[in-house]
Amino acid sequence: MFDNKTILITGGTGSFGKKYVKTLLERYKPKKIIIFSRDELKQFEMQQDFDQPCMRYFIGDVRDKDRLRRAMRGVNYVIHAAALKQVPAAEYNPMECIKTNINGAENVIDAALDNNVEKVIALSTDKAANPINLYGATKLASDKLFVAANNIAGGNRTTFSVVRYGNVVCSRGSVVPIFQKFIDQGRDHIPITHKEMTRFWISLQQGVDFVLTNFERMLGGEIFVPKIPSIRITDLATAMAPNLPQKNIGIRPGEKLHEVMCPSDLCFDTYEFDDHFVIAPGIKFSSRSNNFDTNALNECGRKVEIGFEYSSLSNPHFLTIEEIAAFNIQALL
Numbered sequence: 522m523f524d525n526k527t528i529l530i531t532g533g534t535g536s537f538g539k540k541y542v543k544t545l546l547e548r549y550k551p552k553k554i555i556i557f558s559r560d561e562l563k564q565f566e567m568q569q570d571f572d573q574p575c576m577r578y579f580i581g582d583v584r585d586k587d588r589l590r591r592a593m594r595g596v597n598y599v600i601h602a603a604a605l606k607q608v609p610a611a612e613y614n615p616m617e618c619i620k621t622n623i624n625g626a627e628n629v630i631d632a633a634l635d636n637n638v639e640k641v642i643a644l645s646t647d648k649a650a651n652p653i654n655l656y657g658a659t660k661l662a663s664d665k666l667f668v669a670a671n672n673i674a675g676g677n678r679t680t681f682s683v684v685r686y687g688n689v690v691c692s693r694g695s696v697v698p699i700f701q702k703f704i705d706q707g708r709d710h711i712p713i714t715h716k717e718m719t720r721f722w723i724s725l726q727q728g729v730d731f732v733l734t735n736f737e738r739m740l741g742g743e744i745f746v747p748k749i750p751s752i753r754i755t756d757l758a759t760a761m762a763p764n765l766p767q768k769n770i771g772i773r774p775g776e777k778l779h780e781v782m783c784p785s786d787l788c789f790d791t792y793e794f795d796d797h798f799v800i801a802p803g804i805k806f807s808s809r810s811n812n813f814d815t816n817a818l819n820e821c822g823r824k825v826e827i828g829f830e831y832s833s834l835s836n837p838h839f840l841t842i843e844e845i846a847a848f849n850i851q852a853l854l
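For the sequence shown, the numbering used here begins at 522 and goes up steadily by one.
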């Protein structure tokens with residue numbers, strides 16, 4: 522579906538954007554791929570790896586609606602990956618996080634509607650479910666904006682959906698590169714924020730593939746959640762540095778002990794499919810059905826049980842230390 526299409530990626534110089542571009546170029550023949558981001562150095566560096574004729578690099582900030590509106594002219598699909606993601610940084614700089622993650626989301630929606638874009642997928646995070654930190658709260662607000670945008674569209678063809686997943690292995694800011702840095706520095710221990718901490722585990726390629734497939738699945742208004750394994754942070758540290766002791770340093774500001782992707786409060790709107798969940802919108806759409814038990818690929822789901830919660834702690838699938846080690850973390854760094 523991406524052959525001869527124009528795709529724009531906000532925050533496209535990040536880990537996700539690079540992998541998404543690489544995958545698009547390997548599997549499809551897009552007309553244009555537009556990288557929209559605010560860092561000229563990262564764009565220059567990315568251009569050294571991706572300089573195909575279809576590539577375009579636009580310097581701009583999602584806070585700037587006019588620049589977004591111009592960048593989306595002639596665009597078919599948008600992936601909104603731009604965000605301020607660092608939890609402690611957001612706690613100390615709340616207004617900056619709000620301007621990018623909430624106001625920026627609104628600008629992406631308005632620009633997409635103004636340009637009659639076909640489909641928009643916004644990337645979310647497990648931290649948007651039952652948020653306790655500002656980053657999660659802004660992403661929850663962003664998710665709500667993208668869901669409601671399907672009503673705002675009216676007769677416009679643009680549809681909006683959200684993809685939510687957990688920590689991406691080896692992405693910028695994740696714990697894996699931090700652990701590896703300590704190992705490379707010859708530290709005498711691995712710092713652990715809490716020995717009971719768990720997290721969802723997904724590779725960058727899995728995340729990209731999930732988004733690609735959901736462009737075909739989406740009806741508009743749903744939140745897609747992949748079925749992925751969990752890990753214990755202590756097991757990750759052991760897999761990466763089996764001979765180093767672990768030292769508990771305490772949870773950082775705004776950090777959770779465990780993460781949730783499908784809250785129990787939304788069980789009445791949650792559907793289970795073979796390899797993913799869908800959280801249907803709680804609001805009613807004026808222009809079409811609110812039936813989300815069958816997607817655009819004719820895959821069928823069923824309502825989850827009352828009280829169901831998809832949590833990194835209660836997840837039935839945990840990776841063992843051996844499975845984590847076999848993931849070949851070094852090759853991903």
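Heads up, the beta-carbon is just placed ideally off N, CA and C, and yes, glycines get one too. Owing to the predicted nature of the structure, the values given are computational and were not obtained by experimental measurement.
Report yes if the C-beta distance between valine 690 and valine 696 is below 7 Å; otherwise report no.
-> Working through the sequence shown from its first residue, we reach residue 690 at position 169. Working through the sequence shown from its first residue, we reach residue 696 at position 175. For valine 690 and valine 696, no; Cβs fall outside 7 Å.
For isoleucine 554 versus valine 542, is the C-beta spacing smaller than 7 Å?
-> For the purposes of this step, residue 554 is taken as residue 33 along the sequence shown, with counting starting at 1. For the purposes of this step, residue 542 is taken as residue 21 along the sequence shown, with counting starting at 1. Yes, the Cβ-Cβ distance between isoleucine 554 and valine 542 is below 7 Å.
Taking buried to mean at least 16 other C-beta atoms within 10 Å of its own C-beta, is glycine 533 buried or exposed?
-> As a first step, residue 533 must be located in the sequence shown, where it is residue number 12. When all chains shown are included, glycine 533 counts as buried.
Paired residues, beta bridge with glutamate 793 - DSSP | The residue labelled residue 793 in the question sits at position 272 within the sequence shown. DSSP output for glutamate 793 lists Phe798 and Arg823 as bridge partner(s).
Under the DSSP definition of a beta bridge, which residues are partnered with proline 712?
-> Start at 1 with the first residue of the sequence shown, and residue 712 comes out as number 191. In the DSSP output, where bridge partners are listed per residue, proline 712 has Lys768.
Mark phenylalanine 789 as exposed unless 16 or more other C-beta atoms lie within 10 angstroms of its C-beta, in which case mark it buried.
-> The count along the sequence shown starts at 1 and reaches residue 789 at position 268. So phenylalanine 789 ends up on the exposed side.
Report the residue from Ala762, Lys660 and Glu780 whose alpha carbon sits nearest the alpha carbon of isoleucine 469.
-> Nothing in the structure corresponds to residue 469, since the chain is present only between 522 and 854.
To which residues does DSSP link proline 747 through a beta bridge?
-> Within the sequence shown, numbered from 1, the residue matching residue 747 stands at position 226. Answer by DSSP bridge pairing, in chain order: His797.
Residues near valine 508 in its chain [Cβ-Cβ closer than 6 Å; skip 5 each side] | What the structure shows of the chain is the stretch from 522 to 854, and residue 508 is not part of that stretch, so it cannot be assessed.
Are there 16 or more other CB atoms within 10 angstroms of the CB of lysine 550, so buried, or fewer, so exposed?
-> Here the question's residue 550 lines up with position 29 in the sequence shown. That one is exposed.
Cysteine 821: buried (16+ other C-beta within 10 angstroms of its C-beta) or exposed?
-> As a first step, residue 821 must be located in the sequence shown, where it is residue number 300. It is exposed - the Cβ of cysteine 821 has fewer than 16 other Cβ atoms within 10 Å.
Less than 7 Å separating the beta-carbons of isoleucine 530 and isoleucine 600?
-> Taking the sequence shown and counting its residues from 1, the one referred to as residue 530 is at position 9. Taking the sequence shown and counting its residues from 1, the one referred to as residue 600 is at position 79. Their beta carbons are under 7 Å apart, which means isoleucine 530 touches isoleucine 600 by this criterion.
Any contact of the stretch 631 to 648 with the stretch 578 to 598, i.e. 3+ C-beta pairs under 8 Å?
-> yes
Can you give the Cα-Cα distance for isoleucine 580 and alanine 611, rounded to whole angstroms?
-> Numbered from 1 along the sequence shown, position 59 holds the residue referred to as residue 580. Numbered from 1 along the sequence shown, position 90 holds the residue referred to as residue 611. When rounded, the distance between both Cα atoms is 23 Å.
Uninterrupted alpha helix (DSSP H) stretches inside the stretch 647 to 692 (no shorter than 4 residues) = 655 to 673
Could you pull the start and end residues of the alpha helix (DSSP H) that arginine 720 belongs to?
-> Looking up residue 720 in the sequence shown gives position 199. Taken as a continuous stretch (DSSP letters only), arginine 720 belongs to no alpha helix (DSSP H), being part of the beta strand (DSSP E) at 719 to 721.
DSSP three-state call for arginine 753: helix, strand or coil?
-> As a working mapping, residue 753 is identified with position 232 in the sequence shown. Correct three-state label for arginine 753: strand.
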